[in-house]
Amino acid sequence: MADPIDSALDLLRRLNPKDVKRNVDSLISLNPDLTEDLLESVDIPLSVKKCSKTKRDFLCCDYNRDGDSWRSPWSNEFEPPVDEGEGVTPSDRIRKMEVKANEAFDVYRELYFEGGISSVYLWDMDDGFAGCVLLKKSVSPSPKSSGSWDSIHVFDAQDRARTAHYKLTSTVILSLGTDSEALGGLDLSGNMVRQIEQDLVVDDDSSHVANIGKMVEDMELKMRNLLQEVYFGKAKDVVGDLRSMDLRKKRGRRFSLTEFLGIPPLSQTNRDRATQREMISSMGR
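For what it's worth, the UniProt record's numbering labels the leading residue of the sequence shown as 1, then goes sequentially.
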């Protein structure tokens, strides 16, 4: 008999990535024993909560969750509050780095995303520390179109002599959708996971924040370019093939619309204009 968690993950891989949160909730309702394993194994779009103390929004994931409460990176308190002695919070040293990292990525978010929400969470480890950087932006240009970008960067840093070894695992969840009478419905959703390891120089705790920021920035740029090439590049190729297929069958080769209408190509038009200008210039002289 198959392991229930393996069967659940196998099923999720075959369903629409856009509905992953709803599908995970449905599986949990069917088998509550899978709750922890599913939440730890499946990346779902980030949810948003508001810090009651600072009135700032923050992102929720499994790394700042304790039961049904989530720790705010701005106040270091749980929403809703937990009983005294419950809820894991970072040590003073790690908390100071967490505050600096949140300030740095808040600037990064504004520069690269021009909006959205960011949150950074750190926690202690025996040989260093670990953490996650969360970024989310959702847009709705019209009532029938929407898009969202969720990036989850999980890392651990192992302290060494004057250096640190970083391991970064990045996940980007992209969702685009539109529904109109002219074009019909379109749903483009999916996720991408990449991993990298690096050894970087460390002078003090501020160096950790700078190193992590550089790694996340480089990784997001690479993944954005890959997503653009895979999703939009492939869609462009398919549309190009569809709209030129009948013309190739008729003529056996590609030809331009200007050629079909009897309009001279641009290079010929430019040569004619250059000749005309030369003649006018000669007449003026």
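Note that the Cβ used here is the ideal one computed from N, Cα and C, for glycine as well.
(message) Spatial neighbours of residue 176 within its chain, please: C-beta separation below 6 Å, excluding the five flanking residues on both sides.
(response) Residue 176 sits at position 176 when you count from the first residue of the sequence shown. Scanning its chain for C-beta atoms nearer than 6 Å, with the 5 sequence neighbours on each side dropped, one finds around residue 176 the residues 147 and 188, in chain order.
(request) Inspect the CB distances between the segment 154 to 162 and the segment 199 to 216 and report whether three or more fall short of 8 Å. (result) The answer is yes - the segment 199 to 216 touches the segment 154 to 162, with three or more Cβ pairs under 8 Å.
(message) In whole angstroms, give me the CA-to-CA distance for residue 16 and residue 8.
(response) Looking up residue 16 in the sequence shown gives position 16. Looking up residue 8 in the sequence shown gives position 8. C-alpha separation (whole angstroms): 14 Å.
(message) Nearest by alpha-carbon distance to residue 92: which of 129, 79, 114 and 153 is it?
(response) Position 92 of the sequence shown, counting from 1, holds the residue named residue 92. Nearest to residue 92 by C-alpha distance, out of 129, 79, 114 and 153, is 129.
(request) With DSSP collapsed to three states, give me the class of residue 82. (result) Here residue 82 corresponds to residue number 82 of the sequence shown, with the count starting at 1. In the displayed model, residue 82 falls within coil according to three-state DSSP, outside both helix and strand.
(request) Rounded to whole angstroms, what's the CA-CA distance from residue 51 to residue 90? Just pull it up for me. (result) By one-based count along the sequence shown, residue 51 stands at place 51. By one-based count along the sequence shown, residue 90 stands at place 90. For residue 51 and residue 90, the distance between alpha carbons rounds to 18 Å.
(request) Report the three-state DSSP secondary structure of residue 10 (helix, strand or coil). (result) For this step, residue 10 is matched to residue 10 along the sequence shown. Helix.
(request) Determine the direct distance from the alpha carbon of residue 197 to that of residue 167, and round the result to whole angstroms. (result) As a first step, residue 167 is located in the sequence shown; it is residue number 167 there, counting from the start. As a first step, residue 197 is located in the sequence shown; it is residue number 197 there, counting from the start. Distance between the alpha carbons of residue 167 and residue 197: 4 Å.
(message) As an exercise, report each continuous alpha helix (DSSP H) stretch of at least 4 residues that is fully enclosed by the segment 63 to 140, in chain order.
(response) Counting whole runs of 4 or more residues, the segment 63 to 140 contains the alpha helix (DSSP H) stretches 92 to 113.
(request) Check each candidate in 149, 142, 229 and 40 and name the one with the smallest Cα separation from residue 113. (result) Numbered from its first residue, the sequence shown carries residue 113 at position 113. Closest by C-alpha distance to residue 113, out of 149, 142, 229 and 40, is 149.
(message) Using the three-state DSSP reduction, which class does residue 260 fall into: helix, strand or coil?
(response) Reading the sequence shown from its first residue, position 260 is the one you call residue 260. The predicted model places residue 260 with a pLDDT of 46, which falls under 50 and marks its position as unreliable; any figure quoted below should be read in that light. Looking at residue 260 - three-state DSSP - the assignment turns out to be helix.
(message) Tell me which residues share the same chain as residue 144 and place their Cβ nearer than 7 Å to its Cβ, disregarding the 5 neighbours each side in the sequence.
(response) Residue mapping note: residue 144 aligns to position 144 of the sequence shown, counting from 1. The residues are 178, 179 and 180.
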